[in-house]
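Scroll down for the structure; my scribbles are underneath it.
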Amino acid sequence: MELRKIFNAKISPTKAMGRMNKWYEKVMALGNNNFRSVIKTFKNHAPTILNYFRRRATNASAEAFNSKVKIFRSQMRGVRDRDFFIFRLVKLYA
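To convert, take the position in the sequence shown, counting from 1, and add 312; that gives the numbering used here.
Now the structure itself:
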């Protein structure tokens with residue numbers, strides 16, 4: 313819940329980084345090893361994550377479309393005609 317509060321707050325990237333660092337410390341103090349990988353991922357992608365606080369925009373729509381393409385691709389196994397694949401993809405999702 314605390315992490316969600318950080319992302320819902322209309323704050324600057326610098327302030328967000330400070331709050332996230334405090335959250336990292338709290339989580340590490342709990343000693344839960346499952347969250348170590350989450351924190352590592354957040355730290356590795358910090359500049360990209362902090363961009364959210366500049367424009368409050370995400371790539372959720374692109375990720376949703378990619379998910380649909382993956383599902384469609386799994387259903388169209390065996391189709392060798394690339395043009396037909398693209399045609400069907402456009403007809404269904406464009």
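The beta carbon of each residue, even a glycine, is placed where N, CA and C say it ideally should be.
Checklist line | Reduced DSSP category for residue 393 - H, G, I as helix; E, B as strand; rest coil | finding: Here residue 393 is taken as the residue at index 81 of the sequence shown, counted from 1. If DSSP states are grouped into helix, strand and coil, residue 393 belongs with coil.
Check: On the three-state DSSP scale, how would you describe residue 340?
Finding: Here residue 340 corresponds to residue number 28 of the sequence shown, with the count starting at 1. Note: residue 340 maps to helix in three-state DSSP.
Next item on the list: Could you work out which residue in 323, 405 and 363 is closest to residue 378 when comparing CA atoms only?
Entry: As a position in the sequence shown, residue 378 is number 66, starting the count at 1. Comparing Cα-Cα distances from residue 378 to each of 323, 405 and 363, the minimum goes to 405.
Note to self: Looking at residue 340: is its Cβ nearer than 8 Å to the Cβ of residue 362?
What the structure shows: Here residue 340 is taken as the residue at index 28 of the sequence shown, counted from 1. Here residue 362 is taken as the residue at index 50 of the sequence shown, counted from 1. Between residue 340 and residue 362, the C-beta gap is not smaller than 8 Å, which leaves the two residues out of contact.
Check: Which runs of the alpha helix (DSSP H) spanning at least 4 residues fall entirely within the stretch 319-383, listed in chain order?
Finding: As far as the stretch 319-383 is concerned, its whole alpha helix (DSSP H) runs of at least 4 residues are 325-342, 346-356 and 358-367.
Next item on the list: Determine, using beta carbons only, whether residue 407 and residue 323 come nearer to each other than 8 Å.
Entry: Residue 407 lies beyond the stretch modelled for the chain, which goes from 313 to 406, so this question has no answer here.
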